[in-house]
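Here the structure comes first, spelled out in structure tokens, and everything after it is commentary.
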Amino acid sequence: MSINLTVIKTQRGLSGSKADLQHRREVFGSNLIPPKPPKTFLTLVWEALQDVTLIILEVAAVVSLGLSFYKPSEDPDDIAHLDEEEGHYQWIEGLAILISVIVVVIVTAFNDYTKERQFRGLQSRIEGEHKFAVIRGAEVKQIPISEIVVGDICQIKYGDLLPADGILLQSNDLKVSKILIISEILTNNK
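Counting from 1 along the sequence shown, just add 730 to a position and that's the residue number in this note's numbering.
Written out as structure tokens, the structure reads:
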């Protein structure tokens, strides 16, 4: 079974038979853009660690830990000699900084992970609910965007975003905005 795109009747549209629609999906593919794979939790942890403030705190914690274990010479003439008891607990400051950085990184990564999951759920719900008017078998039918196939005749209303590439068959005072493509507010009369 071959598909001839020039034989589509503009008043009737596609026949709408399941076999024809399935064949068109097999030949041309579905009208879906595959989503990007979600970021893993470890990727989000790595991104949180790239914050400049956290990097400064990490360096300060390492320096503080290093200095806490450094023992100057035991010179009796040294006036700046620390109290023996105070010297045993200097490492706690560096460790406290490291623990606080770890907590901030994990909380940030968890929040980003949760937001991304919620966004993906909302996006898939919106895509599933968005319907488009097509002519199939001389009737106008509302179908999900993912079910549009090559050869469908779509009826476009004011403000619609086109769900696929296509050929314009007829228009009345059509204006096209390219703001989503080139980020400039230009309208072209077609």
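Note that the Cβ used here is the ideal one computed from N, Cα and C, for glycine as well.
How many Å lie between residue i and residue j at the Cα?
i: A863; j: C884; result: 6 Å
i: L899; j: Q848; result: 39 Å
i: L774; j: A839; result: 5 Å
i: D781; j: S798; result: 26 Å
i: L779; j: E788; result: 9 Å
i: E857; j: V831; result: 39 Å
i: S747; j: K845; result: 41 Å
i: L825; j: I786; result: 15 Å
i: H753; j: P768; result: 31 Å
i: I836; j: Q820; result: 26 Å
i: N902; j: I886; result: 11 Å
i: Q853; j: N841; result: 18 Å
i: D890; j: L772; result: 39 Å
i: R850; j: V793; result: 41 Å
i: R855; j: Y800; result: 59 Å
i: L904; j: I897; result: 14 Å
i: P764; j: E756; result: 16 Å
i: G796; j: W776; result: 24 Å
i: E859; j: K908; result: 25 Å
To which residues does DSSP link residue i through a beta bridge?
i: K871; result: V864
i: Q885; result: A863
i: L744; result: R866
Tell me where the alpha helix (DSSP H) around residue i begins and ends.
i: V789; result: V782 to F799
i: L891; result: Note, L891: premise wrong, no alpha helix (DSSP H); not H, not E.
i: T773; result: F771 to L779
Just to check my reading of the structure: residue i and residue j have Cβ atoms closer than 8 Å, yes? What is that Cβ distance to the nearest angstrom?
i: D882; j: L744; result: 6 Å
Which same chain residues, not among the five before or five after residue i, have their C-beta less than 6 Å away from its C-beta?
i: L705; result: Residue 705 is absent from the model: the chain starts at 731 and stops at 920.
i: R742; result: A868
i: F758; result: V880
i: A749; result: none
i: L751; result: V879
i: R866; result: G743, L744 and G746
Excluding sequence positions up to five away, which residues of its chain have a Cβ less than 8 Å from the Cβ of residue i?
i: K861; result: Q872, I873, P874 and I875
i: L784; result: A778, V831, V834 and V835
i: I694; result: Absent from the model: residue 694. The displayed extent of the chain is 731 to 920, so no value can be given.
i: E823; result: S794 and S798
i: V870; result: A863, V864 and Q885
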